[in-house]
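Colleague: Keeping their order, the protein sequence lines are chains A and B. Each residue of the first sequence is one higher than the last, beginning at 0 in numbering that gives the first Met the number 0. Each residue of the second sequence is one higher than the last, beginning at 0 in numbering that gives the first Met the number 0. There's a structure below that I have some questions on.
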Amino acid sequence: MSESSAATHAGHHREGFVKHYFFSLDHKMIGRQFLFTGLFMLVIGGLLAMMVRWQLGYPEEPLPFMGGFSEDFWDGESWWAQTAPFGIVTSEFYNTLFTMHATIMIFFVVMPIMIGGFGNFLVPICIGAKDMAFPTLNMLSYWTFVPGVLLMLLSFFVPGGAAGGGWTSYAPLAAVPDYAGVEGHWGVTLWCISLFIIGFSSLMGSINYITTIINMRAPGMRLFRMPLTIWSLFIVAILLLLALPVLTSALAMMVFDRLFGTNFFIPDGGGEPLLWQHLFWFFGHPEVYVLVLPAMGVTSDVLSTFARKPIFGYRAMVYSMCAIAFLSWVVWGHHMFQSGMDPVLGTAFTLTTMLIAVPSAIKTFNWLGTLWGSSIRFTTAMWFALGFVSLFTIGGLSGIFMASTPVDIFIHDTYYIVAHIHYVVAGIIFGIFAGLYFWFPKMFGRMMSETLGKLHFLLTFVFFNLTFFPMHFLGVGGHMRRIYNPEQYEFLQPWQEMNTFITMMALCLGASQIFFAINFIGSLIWGRRAEDNPWEANTLEWDAPSPPPHGNFLEDPVVYRGAYEYSSPEVEEDWLPQSVYLEPAVAGEEGHD
Amino acid sequence: MLEQLIELMNRLNVNMLNWLPEAASTYAPAIDEVFYIIYIITGLAFLLVTVVMFWCLLRFKARPGRRARYSHGNVALELIWTIVPTIVFLGIFFYSQSTWSIIKYPSEFPESSVQVRVVAKQFAWEFHYPGPDGEFDTEDDKMFDGDMVVPVNQVVGLTLRGSDVIHSFFVPEFRLKQDILPRRDIPAWFNATKTGRFETPCAELCGPGHSGMKGWVNVYSDAEYQAWVAEQWPAPVDTGVEEMGQEDMPQGGVDPMDQEDSGQADTAQ
């Protein structure tokens, strides 16, 4: 059934504009839709972060560019005049800013770009399929995502503003509207409903990925010949399938508590606030790996391609991703060491958390092993992949501190945690950029500017570290996260200069992304036409034309080897595509392309 | 050994943990020690990865005529970098565990000589003292808004009680942090080693007034503490007030923490 439905729509027929750009069944167009939506939300999420940083660097001073508004404007009833009187971020708005920043970056930027964008674009084409197993379900997955996005954005404009209970929305603060201290209860309610909806979108996507990868691989594409990006997306799809129902159920319970008088999480009615934390993090920790595994996969592929060397320990890379996925179910309690959970449980979760660090360490060492003895081509994609490795190293190592229960007593809920999550999760953006610079030619048939790209990398890498590394110092100094105004605390007075410095660096980091926007949009229009295989890479997507037509391949590919046969002694070139047939024991090249 | 390493890091100006607030409780140095050990281990790991990576970037840049080494891995190497991290991580686990259990396992709490109930509400701390009878919820209880007073070098037992949302009691100098849940009493303890006035922010987001929700722990010398107690709970004329250094003064009705075995507990510390 799946085979036939994919085959029928894979024909090269002409479609109308709406059918082509909006209600397309083509996995590549759906991938681009997710990508563009994610990039748009990246701009929103980034601007929210800039406002958070402004308030911390220059507490209760008007935001920049507010001078243009007249007195009448601030006296008026407009949304902005009410939300940020005289351009000053209020504490209610501040809570909304960091809550929505995290929510948007996780659920509306990294997930749609990595899983929706790269996943949809790459899964079928990298395994030699013409499309997803269920193209209509795939389209539905995007169009279920869109109302989630709209509701989340709309929630800024309801009375009381958007959710302000943190992206973790701990009960009872988020479960009882009165505790939020704002008029109007729709912020958190819409937050729940929006995430509830996009949960279904992700479920549809993950069912599709799993089915496609299991059933629709090209002849010869054994599981252990798949590129690591596809492996990571396969594992992530399984994680999502199992984890999202937990979040979705918890969100439904939260909405019932808020609107219909139940008491799942409200102790006054006999409920248990820690139940929310357990449910949330039972979803939330696999979610962290949902975010980071695809970045690891992309990084592995980009590193190997531009190192012109097979990935070091391919099977170990696959097994360590499987180990991470399995262990991710039994580490959630490390978010709750200080929560009032039995401290004996804390001991158990420390042990599992230390164990999950092992496969992450293996991956890092294998990346270094890939670089050793290589022949590196320093493209922009390569720089971003190297950037991801170095940021992930710092983020992974800083995680060991909070895995250690006694150290966590001190650094829990401080900027040390903020530094750590940004080195990991914002580091994933480096993986996204690596993937974008790498696959842009295939996605859009044009090359991006390498000069602008390298400038973008340099500025982003420098300002990223200048923004987030000093946050470790703040954390060591005891600076709490999620506080509106650090100047309210005497012991934080000496840190204000550091806060101002971080804010300036964060603004520069944000501004550096203009070079990406120019490069991305400019290359879409004026970029040099891309060849089919501009990077001389091995995987199947580079067999297809750039951009690939409906149905992807001009000839059905057959796979003869793994994805990483770079610098093989069997051929003269330093790459050997998966689909090229070699006569046994004869080193002559012969293939389709 | 650890001291020398810290000294070395100070000389190289790479000791991030210099930024830690001063350690002012009995278990603060123990936590800092774990912190330092992990800092040194992760620092070395970071150095190793960075050096190898930079070396690769410099040494293995593509040049015409040179080909990358065709290798799919090395089982011996991979075993090494699987086993060594496993041992290191397990070591950190066991090392952390001993400190954790002393601080947080209620079964291992030391006997306390002073009892304070900390009540958290949006957006303030209340500190309740049981008064001379040593019992909470009696007539001689006293509540102090935002200021806790405790004697130095004595175990203070805390009962953390929530009323509305989740808060978290944080004293940076004591390395003490514990979330507070509504309708639940969570026990905690500290033993301050320095006199002074220490800020106690709320560390868990608790609403629009979260920022600025703070109080103070005032650690007094014994004499000051006794004077404070005498001032708060003026005793009927009595001879029980002794001089400093002698913590066990259960009689006299001036010590609010008048629990049967408080004296012995102190000497046991």
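Beta carbons are placed, not taken as given, at the ideal position from N, Cα and C, and that holds for glycine. In this text, all values refer to a predicted model and were calculated from it rather than measured experimentally.
Who are Arg269(B)'s beta bridge partners in DSSP?
Modeller: This structure gives no information on residue 269(B), because the portion of chain B shown stretches from 0 to 268.
Colleague: Around the C-beta of Ile513(A), are 16 or more other C-beta atoms found within 10 angstroms, so that it is buried, or is it exposed?
Modeller: Here the question's residue 513(A) lines up with position 514 in the first sequence. When all chains shown are included, Ile513(A) counts as exposed.
Colleague: Classify Glu2(B): buried if its beta carbon has 16 or more other beta carbons within 10 angstroms, exposed otherwise.
Modeller: The residue you call residue 2(B) lines up with position 3 of the second sequence. Exposed.
Colleague: Applying the 10 Å Cβ sphere with the 16-neighbour rule, what's the burial state of Glu242(B)?
Modeller: The residue labelled residue 242(B) in the question sits at position 243 within the second sequence. Because the pLDDT at Glu242(B) is just 43, under 50, the model does not fix this residue reliably, and the value given afterwards should be weighed accordingly. With fewer than 16 other Cβ atoms within 10 Å, it is exposed.
Colleague: Between Ile124(A), Asn484(A), Leu62(A), which has its C-alpha nearest Asn498(A)'s C-alpha?
Modeller: As a working mapping, residue 498(A) is identified with position 499 in the first sequence. If we check each option's Cα against that of Asn498(A), Asn484(A) comes out closest.
Colleague: Against chain A, with Cβ distances strictly below 7 Å, would Tyr35(B) count as a contact?
Modeller: Translated into the one-based positions of the second sequence, residue 35(B) becomes position 36. No, because no Cβ of chain A sits closer than 7 Å to the Cβ of Tyr35(B).
Colleague: By a C-beta neighbour count over all protein chains shown, 10 Å radius and 16 as the cutoff for buried, is Met356(B) buried or exposed?
Modeller: Look at the range of chain B in this structure, 0 to 268, and you will see that residue 356(B) is not part of it.
Colleague: Over what stretch of residues does the alpha helix (DSSP H) that includes Met151(A) continue unbroken?
Modeller: Translated into the one-based positions of the first sequence, residue 151(A) becomes position 152. First-last of the alpha helix (DSSP H) with Met151(A): 134-153.
Colleague: Quick one: is Phe391(A) near chain B, going by C-beta distance under 7 Å?
Modeller: Here residue 391(A) is taken as the residue at index 392 of the first sequence, counted from 1. Phe391(A) does not count as touching chain B.
Colleague: Hey, Lys103(B) and Pro272(A): beta-carbon distance below 7 Å or not?
Modeller: Taking the first residue of the second sequence as position 1, residue 103(B) is located at position 104. Taking the first residue of the first sequence as position 1, residue 272(A) is located at position 273. No.
Colleague: Can you give the Cα-Cα distance for Arg481(A) and Met99(A), rounded to whole angstroms?
Modeller: Looking up residue 481(A) in the first sequence gives position 482. Looking up residue 99(A) in the first sequence gives position 100. If I take the Cα positions, the gap works out to 12 Å.
Colleague: What distance in whole Å lies between the Cβ atoms of Ile416(A) and Ile408(A), which are believed to be in contact at a cut-off of 8 Å?
Modeller: Numbered from its first residue, the first sequence carries residue 408(A) at position 409. Numbered from its first residue, the first sequence carries residue 416(A) at position 417. Between Ile416(A) and Ile408(A) the Cβ distance is about 13 Å, and since that is not below 8 Å, they are no contact.
Colleague: Just the chain A side, please: which residues come within less than 7 Å of Ile39(B) by C-beta, in chain order?
Modeller: On the second sequence, residue 39(B) is found 40 positions in, with the first residue counted as 1. Neighbours of Ile39(B) on chain A: none; closest Cβ ~12 Å, over 7 Å.
Colleague: For Glu572(A), which three-state DSSP category applies?
Modeller: Locating residue 572(A) in the first sequence gives position 573, counting from the first residue. In this structure, Glu572(A) counts as coil in the three-state DSSP scheme.
Colleague: Alpha carbons only, please: which of Tyr414(A), Met503(A), Ser319(A) is nearest the one belonging to Ile361(A)?
Modeller: In the first sequence, residue 361(A) corresponds to position 362, counting from 1. Nearest C-alpha to Ile361(A): Ser319(A).
Colleague: So what does DSSP say about Met0(B), is it helix, strand or coil?
Modeller: Within the second sequence, numbered from 1, the residue matching residue 0(B) stands at position 1. The answer is coil: DSSP assigns Met0(B) none of H, G, I, E or B.
Colleague: Mind checking Trp600(A): buried by the 16 CB within 10 Å criterion, or exposed?
Modeller: This structure gives no information on residue 600(A), because the portion of chain A shown stretches from 0 to 592.
Colleague: Looking only at its own chain, which residues have a Cβ that is under 8 Å from the Cβ of Tyr57(A), when we skip the five neighbours before and after it?
Modeller: If you number the first sequence from 1, residue 57(A) lands on position 58. Same-chain partners within the cutoff: Thr499, Thr502.
Colleague: Taking the beta strand (DSSP E) that Thr298(A) falls in, what are its first and last residues?
Modeller: Working through the first sequence from its first residue, we reach residue 298(A) at position 299. Run containing Thr298(A): none in the beta strand (DSSP E); it sits in the alpha helix (DSSP H), 272-306.
Colleague: Looking at chain B, which residues of the stretch 318-344 of chain A have a Cβ within less than 8 Å of any of its Cβ atoms?
Modeller: Within the stretch 318-344 of chain A, the residues whose Cβ lies closer than 8 Å to some Cβ of chain B are Gln337, Ser338, Gly339, Pro342, Val343, listed in chain order.
Colleague: Give me, in chain order, the residues of the same chain whose beta-carbon lies closer than 6 Å to that of Phe155(A); leave out the 5 immediate sequence neighbours on both sides.
Modeller: By one-based count along the first sequence, residue 155(A) stands at place 156. Ala161.
Colleague: For the beta strand (DSSP E) that contains Pro150(B), what are its first and last residues?
Modeller: Taking the first residue of the second sequence as 1, we reach residue 150(B) at position 151. 146-150 is the extent of the beta strand (DSSP E) around Pro150(B).
Colleague: Could you pull the start and end residues of the beta strand (DSSP E) that Ile179(B) belongs to?
Modeller: Here residue 179(B) refers to the residue found at position 180 when the second sequence is read from its first residue. Ile179(B) -> beta strand (DSSP E) spans 175-179.
Colleague: What do you reckon, is the C-beta of Val423(A) under 6 Å from a heavy atom of the ligand ATP?
Modeller: Inclusion of the ligand ATP in the displayed structure is not the case, the ligand content being empty and no account of it being possible.
Colleague: Taking all protein chains shown into account, decide if Pro293(A) is buried (16 or more other Cβ within 10 angstroms of its Cβ) or exposed.
Modeller: Along the first sequence, read from residue 1 onward, the residue named residue 293(A) stands at position 294. With 16 or more Cβ atoms within 10 Å of its Cβ, Pro293(A) is classed as buried.
Colleague: List the whole-angstrom C-beta distance separating Thr143(A) from Ile196(A), where the pair is believed to meet the contact cut-off of C-beta under 8 Å.
Modeller: What you label residue 143(A) is simply residue 144 of the first sequence in a count that begins at 1. What you label residue 196(A) is simply residue 197 of the first sequence in a count that begins at 1. Sure, about 6 Å apart at Cβ, within 8 Å.
Colleague: Can you give me the Cβ contacts of Ser248(A) inside the same chain, cut-off strictly under 8 Å, excluding the 5 residues immediately before and after it?
Modeller: Sequence index remark: in the first sequence, residue 248(A) carries index 249 (1-based). If we look at Ser248(A) and ignore the five residues flanking it on each side, its Cβ neighbours are Leu278.
Colleague: Can you grab the Cα-Cα spacing for the pair Gly183(A) / Leu149(A), in whole Å?
Modeller: Sequence index remark: in the first sequence, residue 183(A) carries index 184 (1-based). Sequence index remark: in the first sequence, residue 149(A) carries index 150 (1-based). The straight-line gap from Cα to Cα measures roughly 19 Å.
Colleague: To the nearest angstrom, report how far apart Thr238(B) and Ala229(B) are at their CA atoms.
Modeller: For the purposes of this step, residue 238(B) is taken as residue 239 along the second sequence, with counting starting at 1. For the purposes of this step, residue 229(B) is taken as residue 230 along the second sequence, with counting starting at 1. Confidence in Thr238(B) is poor, its pLDDT being 48 and thus under 50, which makes the residue's placement unreliable; the coordinate value appears in the next sentence. Each residue's Cα considered, the two are about 12 Å apart.
Colleague: Could you check if Gln492(A) is buried or exposed, using at least 16 other CB atoms within 10 Å of its CB as the buried criterion?
Modeller: Counting from 1 along the first sequence, the entry for residue 492(A) is found at position 493. Its Cβ having fewer than 16 others within 10 Å, Gln492(A) is exposed.
Colleague: Throw me the rounded Cβ distance for the Ala170(A) and Ile265(A) pair, which I believe falls under 8 Å.
Modeller: The sequence position of residue 170(A) within the first sequence is 171, counting from 1. The sequence position of residue 265(A) within the first sequence is 266, counting from 1. That belief holds up - the Cβ atoms of Ala170(A) and Ile265(A) are roughly 7 Å apart, short of 8 Å.
Colleague: Within this structure, are the beta carbons of Phe519(A) and Val301(A) separated by less than 7 Å?
Modeller: For the purposes of this step, residue 519(A) is taken as the residue at position 520 of the first sequence. For the purposes of this step, residue 301(A) is taken as the residue at position 302 of the first sequence. No; because the gap between Cβ atoms is not below 7 Å, this pair is not in contact.
Colleague: Out of Tyr563(A), Val557(A), Ala529(A), Asp555(A), which one is the CA nearest neighbour of Asn537(A)?
Modeller: On the first sequence, residue 537(A) is found 538 positions in, with the first residue counted as 1. Nearest of Tyr563(A), Val557(A), Ala529(A), Asp555(A) to Asn537(A), Cα basis: Tyr563(A).
Colleague: Mind listing the chain A neighbours of Lys60(B)? Cutoff is C-beta to C-beta under 9 Å, in chain order.
Modeller: Locating residue 60(B) in the second sequence gives position 61, counting from the first residue. Near Lys60(B) (Cβ distances below 9 Å), the residues of chain A are Ser374, Ile375, Arg376, Phe377.
Colleague: If we call anything under 7 Å between Cβ atoms a contact, is Trp232(B) one with Ser111(B)?
Modeller: For the purposes of this step, residue 232(B) is taken as the residue at position 233 of the second sequence. For the purposes of this step, residue 111(B) is taken as the residue at position 112 of the second sequence. No, Cβ-Cβ distance for Trp232(B) and Ser111(B) is not below 7 Å.
Colleague: Which of the three DSSP states, helix, strand or coil, is assigned to Ala380(A)?
Modeller: Position 381 of the first sequence, counting from 1, holds the residue named residue 380(A). The answer is helix: DSSP assigns Ala380(A) an H, G or I state.
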